[in-house]
DNA sequence: ACCTGCATGTAAGTCGTTACATGATTGA
DNA sequence: TCAATCATGTAACGACTTACATGCAGGT
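Protein chains in written order, with the working numbering: chain W, 24 to 208; chain U, 24 to 208.
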């Protein structure tokens, strides 16, 4: 369990879909899991080496080659199942937007409204993105056994974005009653 | 800027409401901001010392006393406004539940349904809590100038919990079609 | 000839938690 | 008097990010 089992989980998961290079791994994680997961090179390479040493992945295309793909092994699949079965570790909450709004009196109503507008716009953008992705993937991957699960995560994004938009609208309406003003000490 | 400006923001924010000891600070942050923020002793004490050195907080009740309260100074308030005005730094996404569901085929439908049930139950619990808190605070603090802002963060929790419940229900219905089974390699 | 993208890695630094150590006060 | 709670801190560790260093391949 040399490196973070979190990273191992994402890496093994991605390799369970198809073999790829470390570089492609990072791109895939960014593009495909990006809405709820992230990994950096600094994590991926050491993790990959550790996994190789433990026999959970195998190098293909030359150990010293400049473009070697990693393939998940049987023990790697077992390890992945083990990791996925562990309870998700709870990441300590740290929501900068909420903290700023909580101390909104100090920050001032105008800036708070700005923050809400920004949050709304960001959520709107994500919503559009998720909906487009859902439609595209429904057509492309609709038959694969992975699809129901992938769809579930996408639907989470859609639900969440919508609720953020509704909350922002409601809050903007509520705060519109307040007189504008700069930060008040 | 010795210690994390994030922690400074939370600490100064809490002290802007009322002076308190480091110990009480941690309790307050846990109890009041706990839904979207967390701080540990290991952060709070050094941060407080740094803030004292910079003149942003002042000790009251004896420098060497065993129970000294910290009071925010004028420069501390200015610093707080400055910190609140900074753009919220985005924390890298790491949602263990989504990752598990994404690789749900490997984890197996049964366990995925378990995860969804758990997520639903947790959201339900938070929703009840937020609603009770909202009603209580509405009565107690409804007139204070801080209330509209605090209310906004509480409403965010309510919206978010509801959307999680709706998503979980929808997903459970969608996954109920799948045949049960253990992890499939 | 040069720039961009693919590819592999390391080192340093940040941020934060957990566990430990220590002691005063207070209520049962 | 004994346990719980209040109170203050430090040390060790863990997880990640960023920035840096390096080089090849392919297109213009």
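Each residue gets a CB set at the ideal place from its N, CA and C atoms; glycine is no exception.
From a predicted model like this one, the values you see are computed outputs, not experimental measurements.
Review point. Which one of 137/U, 167/U and 149/U has the shortest CA to CA distance from residue 196/U?
Key: As a position in the second chain, residue 196/U is number 173, starting the count at 1. The shortest Cα separation from residue 196/U among 137/U, 167/U and 149/U belongs to 137/U.
**Study point:** Interface residues of chain W facing residue 193/U [CB-CB closer than 7 Å]
**Key:** Here residue 193/U corresponds to residue number 170 of the second chain, with the count starting at 1. Within chain W, the residues near residue 193/U are 178.
Check your understanding: Under a CB-based cut-off of 7 Å, is residue 175/U close to chain W?
Key -> Residue mapping note: residue 175/U aligns to position 152 of the second chain, counting from 1. True, the Cβ-Cβ gap to chain W drops below 7 Å.
Check your understanding: Taking the C-alpha atoms as reference points, what is the distance between residue 160/U and residue 50/W?
Key -> For the purposes of this step, residue 160/U is taken as residue 137 along the second chain, with counting starting at 1. For the purposes of this step, residue 50/W is taken as residue 27 along the first chain, with counting starting at 1. Cα to Cα, residue 160/U sits roughly 46 Å from residue 50/W.
Exercise for review: Taking only the alpha-carbon atoms, compute the straight-line gap between residue 147/U and residue 110/U and give it to the nearest angstrom.
Suggested key: Your numbering for residue 147/U matches position 124 in the second chain. Your numbering for residue 110/U matches position 87 in the second chain. Cα to Cα, the separation comes out at about 32 Å.
Exercise for review: Could you please give the first and the last residue of the uninterrupted alpha helix (DSSP H) stretch that includes residue 154/U?
Suggested key: Counted from its first residue, the second chain places residue 154/U at position 131. 132-164 is the span of the alpha helix (DSSP H), which, as asked, contains residue 154/U.
**Study point:** Alpha-carbon spacing of residue 143/U relative to residue 186/W, whole angstroms
**Key:** Walking along the second chain from the start, residue 143/U turns up at place 120. Walking along the first chain from the start, residue 186/W turns up at place 163. Taking the straight line joining both Cα atoms gives about 16 Å.
Exercise for review: Closer than 7 Å by C-beta to residue 97/U: which residues in its own chain qualify, once you throw out the five before and the five after it? Chain order, please.
Suggested key: For the purposes of this step, residue 97/U is taken as residue 74 along the second chain, with counting starting at 1. Hits under 7 Å: none found.
Point to revise | Own chain, CB closer than 8 Å to residue 135/W, minus 5 neighbours either side, in chain order | key: Here residue 135/W refers to the residue found at position 112 when the first chain is read from its first residue. For residue 135/W, where only same-chain residues beyond five positions count, the Cβ hits under 8 Å are 123, 124, 127 and 198.
Practice item. Return yes when the Cβ of residue 80/U is within less than 7 Å of the Cβ of residue 95/U, no when it is not. Key: As a working note, residue 95/U is residue 72 in the second chain. As a working note, residue 80/U is residue 57 in the second chain. Their beta carbons are under 7 Å apart, which means residue 95/U touches residue 80/U by this criterion.
Practice item. Tell me whether residue 93/W sits in a helix, a strand or coil according to DSSP, three-state version. Key: The residue labelled residue 93/W in the question sits at position 70 within the first chain. Reduced to three states, the DSSP call for residue 93/W is strand.
Review point. Taking Cβ-Cβ distances shorter than 9 Å, what residues in chain W pair up with residue 32/U?
Key: Sequence index remark: in the second chain, residue 32/U carries index 9 (1-based). Here the neighbours are 119, 122, 123 and 126.
Exercise for review: State the start and end residues of the unbroken beta strand (DSSP E) segment that holds residue 83/W.
Suggested key: On the first chain, position 60 is the one that residue 83/W refers to. Element bounds for residue 83/W: 80-83.
Practice item. Just confirm the distance between the C-beta atoms of residue 131/U and residue 153/U, as a whole number of angstroms; I'd bet it's less than 8 Å. Key: For this step, residue 131/U is matched to residue 108 along the second chain. For this step, residue 153/U is matched to residue 130 along the second chain. About 33 Å separates the two Cβ atoms, so there is no contact after all.
Point to revise | C-alpha gap between residue 201/W and residue 71/U, whole angstroms | key: Position 178 of the first chain, counting from 1, holds the residue named residue 201/W. Position 48 of the second chain, counting from 1, holds the residue named residue 71/U. So the alpha carbons of these two residues sit roughly 33 Å apart.
Exercise for review: May I ask you to report which of helix, strand or coil DSSP gives residue 196/W?
Suggested key: Here the question's residue 196/W lines up with position 173 in the first chain. Helix at residue 196/W.
Check your understanding: What is the DSSP secondary structure of residue 112/U, counted as helix, strand or coil?
Key -> Translated into positions along the second chain, residue 112/U becomes position 89. Here residue 112/U sits in coil by DSSP.
Practice item. Could you say if the stretch 55-71 of chain U and the stretch 29-43 of chain U meet the contact criterion of at least three C-beta pairs nearer than 8 Å? Key: yes
Check your understanding: Is the Cβ of residue 59/W closer than 7 Å to any Cβ of chain U?
Key -> The residue labelled residue 59/W in the question sits at position 36 within the first chain. Closer than 7 Å to some Cβ of chain U, the Cβ of residue 59/W qualifies, so yes.
Practice item. Mind checking the stretch 129-140 of chain W against chain U and listing, in chain order, the residues whose C-beta falls within less than 9 Å of any C-beta there? Key: 129, 130, 131, 132, 134, 135, 138 and 139
**Study point:** C-alpha distance - residue 46/U paired with residue 43/W, whole-angstrom precision
**Key:** Reading the second chain from its first residue, position 23 is the one you call residue 46/U. Reading the first chain from its first residue, position 20 is the one you call residue 43/W. The alpha-carbon atoms of residue 46/U and residue 43/W are separated by roughly 50 Å.
Practice item. Look at the Cβ atom of residue 121/W, then the Cβ atom of residue 93/U, and state whether they are nearer than 7 Å. Key: On the first chain, residue 121/W is found 98 positions in, with the first residue counted as 1. On the second chain, residue 93/U is found 70 positions in, with the first residue counted as 1. Not closer than 7 Å, so no.
Review point. If we ignore side chains and look at the alpha-carbon of each, how far apart do residue 189/U and residue 182/W end up?
Key: As a position in the second chain, residue 189/U is number 166, starting the count at 1. As a position in the first chain, residue 182/W is number 159, starting the count at 1. Roughly 8 Å between the two C-alpha positions.
**Study point:** Cβ neighbours of residue 139/W in the same chain (closer than 6 Å, five flanking residues each side left out)
**Key:** In the first chain, the residue the question calls residue 139/W occupies position 116. Answer for residue 139/W: 191, 194 and 195, listed in chain order.
Exercise for review: Using a cut-off of 8 Å between C-beta atoms, extract the partners of residue 36/U located in chain W.
Suggested key: Within the second chain, numbered from 1, the residue matching residue 36/U stands at position 13. Near residue 36/U (Cβ distances below 8 Å), the residues of chain W are 122, 125, 126 and 129.
**Study point:** Contact with chain U by residue 111/W, beta-carbon distance below 7 Å
**Key:** Position 88 of the first chain, counted from the start, is the residue given in the question as residue 111/W. True, the Cβ-Cβ gap to chain U drops below 7 Å.
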